[in-house]
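In UniProt numbering, the protein residues as written are 1 to 287. Structure first, then comments.
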Amino acid sequence: MSFFATAQHEKERLQYFASPEGRDDLYQYNQKERRTVLEVLEDFPSVQLPFEWLVQLVPPLKTRAFSISSSLSAHPGQVHLTVSVVSWVTPFKRKRMGLCSTWLAGLDPQERVCIPVWFHKSSLPSPPPSLPLILIGPGTGCAPFRAFVEERAVQNQSSSIGPVMFFFGCRNEENDFLYRDFWLSHAQGCGVLSEDKGGGFYVAFSRDQPHKVYVQHKMQEESQRLWNLLSTGAAVYVAGSSTKMPADVLSCLEDIIAKEGGVTRETAVRWLGALERAGNYHVEAWS
1 MSFFATAQHE KERLQYFASP EGRDDLYQYN QKERRTVLEV LEDFPSVQLP
51 FEWLVQLVPP LKTRAFSISS SLSAHPGQVH LTVSVVSWVT PFKRKRMGLC
101 STWLAGLDPQ ERVCIPVWFH KSSLPSPPPS LPLILIGPGT GCAPFRAFVE
151 ERAVQNQSSS IGPVMFFFGC RNEENDFLYR DFWLSHAQGC GVLSEDKGGG
201 FYVAFSRDQP HKVYVQHKMQ EESQRLWNLL STGAAVYVAG SSTKMPADVL
251 SCLEDIIAKE GGVTRETAVR WLGALERAGN YHVEAWS
């Protein structure tokens with residue numbers, strides 16, 4: 001860009017950014033602030049970058065991966081997605097919105113829009129109907145488990161299904177309780193998530209009280225039932241944010257196994273390691 005800058009102070013600034021001495025300042029200016037190509041060009045208006053150079057330098061948009069949140073058995077010919085509109089504030093207080101999620105949220109449901117898609121094998125394999133399940137999916141981590149529950153509901157009409165415990169978490173009951181009616185309907189009577197079927201549905205609302213409550217707290221409250229299901233061969237599925245949640249859930253399970261199983265923490269760690277090696281502990285996490 002410095003080659004195409006006609007203003008001397010802009011040329012010098014761009015050359016500084018490209019030097020080893022300017023590496024930290026470049027990171028603060030560009031990567032940390034997540035500036036767009038347009039914003040950079042607006043900050044250096046004297047840069048007359050030829051269009052063909054711009055096309056070559058601008059990276060293509062990355063494909064976005066979403067977990068499918070519907071069952072083909074329940075919705076033939078359809079694919080449902082659970083998309084949270086991404087937004088954040090930069091260190092310089094600029095409000096940013098996720099490009100893909102904002103675009104999807106702005107689509108008119110009444111208009112037909114063709115979107116190129118690709119399908120990739122999930123890291124959460126579809127479980128057999130009789131396998132007991134422990135599902136942990138706060139926030140949009142509930143997406144794949146909506147598909148699991150829909151599939152189990154269809155299977156429940158013609159065969160015996162294993163119990164399913166689902167731990168869901170969100171900030172506020174009023175604003176963030178995704179698929180509220182869906183989960184509650186399947187937790188009643190002889191539904192897939194009902195206690196009558198040996199399962200259960202548990203929700204942690206982290207911001208609806210002075211002290212924060214997460215899925216781990218709900219798991220601790222149901223530690224005996226969790227252990228009973230684990231000790232009978234249940235598989236564990238975890239989905240959601242890749243920050244602290246997967247590690248916190250794993251640590252919580254180690255505590256539960258040690259307490260309810262009457263073993264040391266080291267034994268509990270090995271127990272979960274064996275569960276993972278046997279293909280019964282799965283994590284799908286994203287940033």
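Backbone N, C-alpha and C define an ideal beta-carbon position, used for all residues, glycine too. Just so it is clear, the structure is predicted and the values come from calculations on it, not from any experiment.
What's the C-alpha gap between residue i and residue j?
| i | j | result |
| --- | --- | --- |
| residue 172 | residue 206 | 7 Å |
| residue 63 | residue 97 | 17 Å |
| residue 197 | residue 116 | 40 Å |
| residue 11 | residue 46 | 9 Å |
| residue 221 | residue 77 | 40 Å |
| residue 280 | residue 235 | 5 Å |
| residue 118 | residue 105 | 20 Å |
| residue 214 | residue 228 | 22 Å |
| residue 14 | residue 57 | 16 Å |
| residue 254 | residue 184 | 28 Å |
| residue 133 | residue 262 | 22 Å |
| residue 109 | residue 61 | 24 Å |
| residue 79 | residue 120 | 13 Å |
| residue 212 | residue 8 | 54 Å |
| residue 30 | residue 2 | 16 Å |
| residue 111 | residue 243 | 36 Å |
| residue 208 | residue 174 | 9 Å |
| residue 250 | residue 21 | 43 Å |
| residue 182 | residue 41 | 47 Å |
| residue 188 | residue 194 | 5 Å |
| residue 94 | residue 225 | 46 Å |
| residue 92 | residue 248 | 31 Å |
| residue 39 | residue 260 | 56 Å |
| residue 99 | residue 153 | 35 Å |
| residue 23 | residue 88 | 24 Å |
| residue 48 | residue 65 | 36 Å |
| residue 210 | residue 157 | 43 Å |
| residue 81 | residue 103 | 14 Å |
In chain order, what residues of the same chain lie with their CB nearer than 7 Å to the CB of residue i, ignoring the 5 residues before and after it?
| i | result |
| --- | --- |
| residue 101 | 83, 84, 85 and 86 |
| residue 155 | 129 and 161 |
| residue 190 | 196 and 197 |
| residue 90 | 33, 34 and 96 |
| residue 159 | 129 |
Do residue j and residue i come within 8 Å of each other at the CB atom, strictly closer than that value?
| i | j | result |
| --- | --- | --- |
| residue 282 | residue 69 | no |
| residue 289 | residue 18 | Missing from the structure shown is residue 289; the chain here goes from 1 to 287 and no further. |
| residue 165 | residue 199 | yes |
| residue 256 | residue 231 | no |
Would you decide whether residue i is buried or exposed? Buried here means 16 or more other CB atoms lie within 10 Å of its CB.
| i | result |
| --- | --- |
| residue 233 | exposed |
| residue 147 | buried |
| residue 286 | exposed |
| residue 201 | buried |
| residue 186 | buried |
| residue 277 | exposed |
| residue 37 | exposed |
| residue 192 | buried |
| residue 163 | buried |
| residue 204 | buried |
| residue 135 | buried |
| residue 167 | buried |
Once you ignore the five residues that flank residue i on each side, which residues in its own chain have a CB closer than 8 Å to its CB?
| i | result |
| --- | --- |
| residue 151 | 71, 73, 74 and 126 |
| residue 113 | 107 |
| residue 144 | 67, 68, 69, 122, 124, 137, 237, 239 and 284 |
| residue 139 | 84, 169, 170, 176, 178, 240 and 241 |
| residue 258 | 264, 265, 267 and 268 |
| residue 59 | none |
Does any C-beta atom of chain D lie closer than 8 Å to the C-beta of residue i?
| i | result |
| --- | --- |
| residue 241 | Of the protein chains in this structure there is only one, and it is not chain D. |
Cutting at 6 Å between CB atoms, please list the residues of its own chain near residue i, excluding the five before and the five after it.
| i | result |
| --- | --- |
| residue 252 | 216 and 219 |
| residue 149 | 186 and 192 |
| residue 246 | 238, 283 and 285 |
| residue 26 | 17 |
**Report entry** Validate contact between the region 267-278 and the region 175-193 using beta carbons, cut 8 Å, 3 pairs
**Finding:** no
Query raised in the report: Any chance the region 41-52 sits against the region 123-134, with 3 or more Cβ pairs inside 8 Å?
Result: no
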